[in-house]
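Protein chains in written order, with my numbering: chain A, 79 to 736; chain B, 17 to 149; chain C, 8 to 313. Ideal Cβ placement from N, Cα and C applies to all residues, glycine included. Since we're looking at a predicted model, the values are computed, not measured. Here's the structure we're looking at; comments come further down.
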Amino acid sequence: MRGFTAVLSRELGLRKAIWAAALVAGLLPFLLAALPGMTYGYAEVRDASALAIAAGSGELLALVLGATVLGRELAERRLSFDLARPIGGLAIWAGRMGAVLILSLGSALVILLPATLAGGGLAALAARATVRSEVPWYLPAPNPLGLVLLYVVTVLFLAALAHVLGTLGRSRSPWLLLDAAIFVTLGVVVFLTGRALYRAEALFGLIDGSLFLVIVALAALLAAGAAQVTHGRTDARAGHRALSATLWSLCAVGALGFAGYARWFTNVSPSDLAGVYAGQASPDGRWVCMEGPARHRRDLPFRFLYNPTTGAFLRLRPRWWRANPAFSGNGSRCVWVEGRDRREIMTADLTAAHPVAERTGIEVAGVDSRLALSPSGRRLAVLSNGTLSVYEPDGGKQLASVHIYGTDTLHKLNFEKYLGSHILFPDEGSVAIVRVHPPESDQATGSVTIQRFDVASRKLAATGRIDGLSGQLLVQLNRTASRFILRERDGAAWTTSLRDGTTGALLTLLGPEGHAREASFLAEGGLVATSVAKTEPSMLWIYGEDGSLRQTVDLERAGVVLVGSEPRPGRLLVAVGPPGKGWFPACSLLEVDTASGSHRAVADGLTPFTWAWWYSDTCTLPTGPAALLALAPDGSLVRVDPATGQQTTLIRGTFKPK
Amino acid sequence: MKRRLTVDPADAVPIWRQIEEGLRRLVASGALARGAPVPSVRELAKDLRINPATVAKAYQRLTEAGVLAVRRGEGTFVAAEAPALTSGERRRTLREGAERYASLALTLGAAKQEALGAVTTAWEDLGEKGGRS
Amino acid sequence: MSSHDGQKALCLDHVTVRYGKATAAEAVSFSVPRGSVYALLGRNGAGKSSLIRCLLGQRKPQEGEVTIFGEDPWSNRARLMARLGVVPEEPDAPPDMTARQIAAFCSRLYPSWDGNGVETRLRRFAVPGDVPFGRLSKGQKGQLALALALGGLPELLVLDDPTLGLDVVARKALFEELVEELAERGTTVLLTSHDLGGVEAMADRVGILKEGRLLVDEPLDDLKARFRRVSFGQSDATVHGSETMKALDPLALKQAAWGTEAVVSGFSEEAFARFAAAPGVSDAEASPLSLEEIFIALCGEEGGRP
């Protein structure tokens with residue numbers, strides 16, 4: 079300790095001129111601000127330039143001092159003066175580095191001093207200096223203390239780095255080649271790891287990992303310098319060896335730790351989920367696609383194909399846009415899009431016990447791509463950039479392609495209108511294309527066009543059209559595209575109607591005077607619609623395939639209704655939310671008998687698994703094992719037995735109540 | 017004093033012996049009176065630019081032989097009386113010195129007459145200086 | 008050579024120092040008893056500085072063991088340096104610091120520091136206190152280094168060629184200072200020097216390094232007792248192979264204008280007497296050799312066995 083303070087005060091004493099220079103530099107902002115022709119106000123320019131000059135000088139000084147504080151003496155072999163005194167090697171190193179840190183940070187503060195005094199305090203100065211800077215929306219708001227700490231770390235980092243580089247640069251040993259080789263190797267490891275995190279869109283993982291790397295690198299640089307002094311002493315070669323050995327072993331630990339962390343971060347299984355917040359079921363209900371944040375992964379969402387019966391899973395690599403996987407009608411195959419800059423369609427065979435993701439080799443461009451699989455899963459249709467293409471997913475062979483709409487239409491597509499194109503295979507050989515054309519203005523009207531593309535003949539035919547529609551438009555098709563639900567929104571009211579899938583002809587209005595809130599297709603062809611009222615008792619309206627009303631069910635309670643699933647033909651699981659509060663997150667679950675219209679309570683506090691509207695492409699109710707899944711308010715995925723009301727937790731959630 | 021006590025580091029005779037014999041000679045010749053102070057170890061060493069340990073060794077031998085006496089707090093002095101040697105010791109010391117001298121003379125190939133003549137001359141020289149015969 | 012021996016200030020045991028492929032010192036063993044003055048002599052490049060670096064914990068020997076006060080200077084450098092005073096061959100210090108600042112810096116490092124003594128010595132040596140170190144003359148730097156080395160009240164003084172670059176007056180002052188120190192505190196001293204005359208007056212023991220090996224390690228008095236120059240005239244050449252010559256066992260023979268000179272390293276009176284009396288030998292004389300002459304005899308180009 080004695081040696082450390084002695085060396086520290088000596089090094090500080092030798093460089094007293096820096097303080098005077100800093101004070102003079104502290105007057106520069108005043109000069110700059112007084113220059114004519116500045117865009118911003120005097121105080122702003124003064125404070126911003128003071129901050130910039132101070133920060134920049136601090137870093138620059140760290141570089142210069144770091145390179146010379148020890149390096150010059152090592153090069154001129156004058157270290158024996160210190161080594162012949164009762165000063166430990168560590169004290170020699172720490173005293174010098176400490177002096178560099180104090181000089182760099184201190185001079186930065188001194189540069190800020192005049193502007194601080196003139197500007198009424200440091201906080202005011204900082205506020206004025208940063209008033210025009212913006213933080214990207216996806217980053218957290220910067221913590222001032224954290225920023226200062228980060229600055230101190232960078233100053234120390236630069237000083238230590240300058241020393242190490244100076245040593246390596248002065249070394250004439252051929253082992254320098256080994257240093258370079260190791261550096262490049264570690265650099266490649268770090269780059270690849272960072273890139274993997276970037277591609278996985280794990281921004282926070284990248285930030286945390288990078289911070290870890292910086293800290294480890296700093297520790298490595300400091301330890302390397304210390305080793306150089308304590309083990310090399312007056313021998314330059316031995317010093318270089320000790321420096322390199324320490325530096326690279328610690329950096330390797332850091333790089334491998336970073337790689338390991340990235341691997342761990344992205345290697346998530348359903349048991350790592352902190353809860354599930356949304357999902358989609360395959361047509362036979364054997365598989366679901368679910369999404370939720372993973373524990374300790376900073377809320378990064380992960381998506382899985384999950385078999386609720388066996389627990390088997392396949393992790394889907396996330397995409398920026400939340401495009402959904404598409405299932406084949408028989409539930410044997412699933413396709414989805416992966417990739418950030420280069421998007422490729424991936425496929426999985428769901429008949430296997432543990433499906434794996436396979437590449438199809440089919441690339442899609444544009445954010446608006448829609449996918450559809452034929453009932454058997456042997457044909458894949460892709461609507462992308464206005465072009466419909468049909469492939470064989472096994473092998474990626476293209477069978478046919480047709481132009482649906484031009485790029486000028488593309489430009490007009492926004493998020494809402496993106497929902498306006500739907501493609502489906504009514505059978506193996508043809509693709510139905512239903513497009514919503516929203517009204518261009520308040521006065522104009524919108525329309526829905528229906529086309530049919532025959533794969534074999536490559537002929538595109540228009541089969542139907544609905545004109546004269548107004549307001550927001552939404553189309554929801556059933557699995558075979560034989561029917562679709564059309565919703566028009568006028569002000570606050572929706573008008574919901576059932577249409578013929580080929581011609582678009584109106585079959586019936588749904589709900590009371592067509593004001594049904596939600597409507598879903600049933601397994602045997604009919605549909606169920608819910609009523610709108612929030613305060614009066616809610617109702618279910620059951621229709622047959624031809625659109626005739628078969629049954630109405632009085633749920634005998636008020637609240638918003640969501641029909642969750644169809645566990646058995648004729649049995650529905652219906653969720654009713656607390657009155658006035660919507661239906662998410664916690665509802666009462668009822669089992670409804672569509673034949674008799676009776677209902678009974680099953681469980682409380684659960685939400686249907688497929689509540690998320692953006693997953694309800696075809697809005698056909700889930701059946702099979704998926705029909706029994708529900709979400710608890712804490713995000714747990716549970717299986718409900720409608721007969722007993724017993725709940726089995728499949729995935730434990732830890733969401734906090736809002 | 018200092019003028020008359022010199023040492024030659026290059027000489028084969030060890031320095032401590034040169035000091036010892038030099039001091040003995042000075043005392044014997046009377047240049048250093050009985051009871052007179054002699055320089056401290058440190059002073060002498062500094063003057064001659066020799067290792068004080070060497071001077072200390074010589075002084076110790078002389079003190080043991082009774083030529084010098086140390087008075088605590090005051091310094092080192094020439095002994096007030098001649099070294100108290102028994103006649104036997106005296107005889108032995110004389111004989112040792114004589115043997116050394118004889119050996120030297122024989123080595124040089126001097127004749128007995130010549131050697132004895134040199135002794136007489138030295139004795140007379142010292143005696144003159146010391147005021148004794 | 009036990010490191011537990013409290014009487015030894017310093018001990019080297021089979022120390023070998025290598026720089027890459029070149030060997031600077033090989034299997035060097037010697038020890039310096041407390042309170043004594045040890046002179047380590049050798050020509051330039053004989054290995055003295057390498058050994059000194061090992062002593063000061065600045066280099067680790069490839070083989071062998073170094074102990075100072077029973078401890079390993081490489082592992083305990085900082086602790087041991089509190090008990091040592093070092094005057095290096097090329098005294099260095101931060102060139103911008105003045106003598107006074109350097110003294111102030113050093114004063115913080117040692118458990119006891121004799122600031123007054125340092126001041127006195129600087130005055131006596133006429134070393135200015137507020138001139139930056141880089142601008143001092145070589146002699147002044149050396150004197151400052153000695154003053155600083157003594158300031159820490161060391162138990163062991165290591166002086167690596169302290170008289171290098173000093174003029175006669177400064178040299179005298181240095182030795183006087185050394186004598187003072189020895190008389191005052193009985194400091195143990197290890198010194199290397201090319202000023203053999205000055206060393207001769209100070210050293211208790213002498214070690215002579217030649218090409219990395221220690222030829223001689225003994226008290227100075229013993230060394231000088233056994234070396235003699237024997238000069239003689241010879242009437243025939245058979246003298247050189249004779250028994251008496253062999254008994255004398257000279258290191259070197261040299262033909263001078265007035266006869267032959269032999270340097271003998273294991274002198275005995277009897278052997279000399281027999282040699283002098285041998286036929287063919289005339290006017291045989293045995294005279295002592297100064298340390299300088301002994302050194303040259305051992306380490307000069309024609310130098311031979313010790």
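Scanning its chain for C-beta atoms nearer than 8 Å, with the 5 sequence neighbours on each side dropped, one finds around A/Ala601 the residues Glu644, Pro647, Thr698, Leu699, Thr701, in chain order. The segment 148-167 of chain A and the segment 118-128 of chain A do not touch, with fewer than three beta-carbon pairs separated by less than 8 Å. Under the three-state reduction of DSSP, C/His21 is assigned to strand. C-alpha of A/Trp572 to C-alpha of A/Trp619: approximately 16 Å in a straight line. Any Cβ of chain A closer than 8 Å to the Cβ of C/Pro161 would place that residue at the interface, and such an atom is absent. When secondary structure is reduced to three states using DSSP, A/Val292 falls in the helix class.
Here C/Val24 is not near C/Ala16, since their CB atoms are 8 Å or more apart.
At a cut-off of 8 Å, the C-beta of B/Lys128 has no neighbouring C-beta in chain C.
Within 10 angstroms of the beta-carbon of A/His481 lie fewer than 16 other beta-carbons, which makes it exposed. A/Ala130 counts as exposed, since fewer than 16 other beta carbons sit within 10 angstroms of its beta carbon.
Shortest Cα-Cα distance from A/Ala304 to any of A/Gly176, A/Gly199, A/Val262, A/Gly370 involves A/Gly176. C/Glu96 has its alpha-carbon roughly 7 Å from the corresponding atom of C/Leu171. By DSSP's assignment, C/Ser38 forms a beta bridge with C/Cys18. Against chain C, the beta carbon of A/Gly81 has neighbours under 9 Å at Ala85, Arg115, Leu116, listed in chain order. The DSSP-derived three-state label of A/Thr573 is strand.
When only Cα atoms are considered, B/Leu122 and B/Val43 end up about 29 Å apart. Taking a C-beta cut-off of 9 Å against chain B, the contacting residues of the segment 210-225 of chain C are Ala210, Asp211, listed in chain order.
Between A/Gly637 and A/Gly655 the beta-carbon gap is near 5 Å, inside 8 Å, which marks them as a contact.
Restricted to the segment 57-104 of chain B, the beta strand (DSSP E) segments that are unbroken, complete and at least 3 residues in length are 84-87, 91-94, listed in chain order. If you look at A/Trp414, you'll find it in the beta strand (DSSP E) that goes 411-416. By the C-beta criterion, the segment 504-516 of chain A is judged to be in contact with the segment 544-563 of chain A, since at least 3 inter-stretch pairs fall below 8 Å.
Phe182, Glu183, Val186, Glu187, Leu189, Ala190: these are the residues of the segment 182-197 of chain C whose beta carbon lies less than 7 Å from some beta carbon of chain B, given in chain order.
Separation of C/Ala111 and A/Leu92 (C-alpha to C-alpha, rounded to the nearest whole angstrom) is 13 Å. For A/Gln476, the enclosing beta strand (DSSP E) covers residues 475-481. Taking a Cβ-Cβ threshold of 7 Å, the residues of chain C close to A/Asp313 are Arg66, in chain order. Judged by their CB atoms, C/Ile301 and C/Leu230 are nearer to each other than the 8 Å cut-off. C/Val223 and C/Gly214 do touch by the CB rule: their CB atoms are close to 6 Å apart, below 8 Å. Among the residues of the segment 99-120 of chain A, none has a Cβ less than 8 Å away from any Cβ of chain C. When secondary structure is reduced to three states using DSSP, A/Trp619 falls in the strand class. Under the 8 Å Cβ criterion, the segment 354-366 of chain A counts as touching the segment 702-712 of chain A, having at least three qualifying pairs.
A straight-line Cα-Cα distance of about 26 Å links A/Leu270 and A/Ala301. Taken in chain order, the whole alpha helix (DSSP H) runs of length 4 or more contained in the segment 207-288 of chain A are 222-248, 254-277. Just measuring C-alpha positions, the residue of A/Leu383, A/Trp253, A/Asp719, A/Thr558 sitting nearest A/Asp427 is A/Leu383. In the DSSP assignment, A/Ala316 falls outside any beta strand (DSSP E) and lies within the alpha helix (DSSP H) extending over 314-344.
About 17 Å separates the beta carbons of C/Arg90 and C/Glu191, which is beyond the 8 Å limit, so they are not a contact pair.
With respect to C/Val35, C/Leu62 sits apart: the two C-beta atoms are not nearer than 8 Å.
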